[in-house]
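Engineer: So the sequence shown is numbered by the numbering used here: it starts at 407 and just counts up by one.
Ideal Cβ placement from N, Cα and C applies to all residues, glycine included.
I am attaching a structure below and will ask some questions about it afterwards.
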Amino acid sequence: SGDRVKSVKQEDDLTTIQLADKSVFGNSKITMMFDPKTFDLRQWTITDAQGKDTTVMIFNTKEGVSFAPDTFAIDYTANRELNTNKAR
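Here you go:
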């Protein structure tokens, strides 16, 4: 039933926002933690329908770094063929 901000918690060293939306996450939720001064995303945790957490932490980042255009390219045709062959 739409977007839901479940909680916002402001501390000296962290701002935490928890979202839940059954139409997107089902019975899961996402908790995002930001630097309160720069609003940089520091980590997020997905809590699945079974109550299990998966956390991704972001640290030691560098700004202004260049990547080749194909660094994050996805070959959808190759992936589709690979998945089709696995299903057989």
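Since I believe A426 is in contact with R448 (beta carbons under 8 Å), could you give me their beta-carbon distance rounded to a whole number of angstroms?
Structural biologist: To locate residue 448, count along the sequence shown from 1; it is residue 42. To locate residue 426, count along the sequence shown from 1; it is residue 20. Not a contact, Cβ separation roughly 20 Å.
Engineer: Compare the beta carbon distance of M439 and T467 with 8 Å and say whether it is the shorter of the two.
Structural biologist: Residue 439 sits at position 33 when you count from the first residue of the sequence shown. Residue 467 sits at position 61 when you count from the first residue of the sequence shown. Going by C-beta atoms, M439 is not nearer than 8 Å to T467.
Engineer: Can you tell me which residues form a DSSP beta bridge with S413?
Structural biologist: Taking the first residue of the sequence shown as position 1, residue 413 is located at position 7. Paired residues: Q424.
Engineer: In the segment 439–473, which residue ranges form an unbroken beta strand (DSSP E) of at least 3 residues, counting only runs that do not cross its ends?
Structural biologist: Taking only runs of at least 3 residues, the beta strand (DSSP E) segments lying wholly in the segment 439–473 are 447–453 and 459–463.
Engineer: Whose CA, out of E417, N485 and W450, lies closest to the CA of V462?
Structural biologist: Working through the sequence shown from its first residue, we reach residue 462 at position 56. Nearest C-alpha to V462: W450.
Engineer: Using the beta-carbon count (16 or more within 10 Å), is K435 buried or exposed?
Structural biologist: Position 29 of the sequence shown holds residue 435. By the neighbour-count rule (16 or more Cβ atoms within 10 Å), K435 is buried.
Engineer: Comparing C-alpha positions only, which one of E469, S413, V414 and T453 sits nearest to G432?
Structural biologist: On the sequence shown, position 26 is the one that residue 432 refers to. Comparing Cα positions, the closest option is T453.
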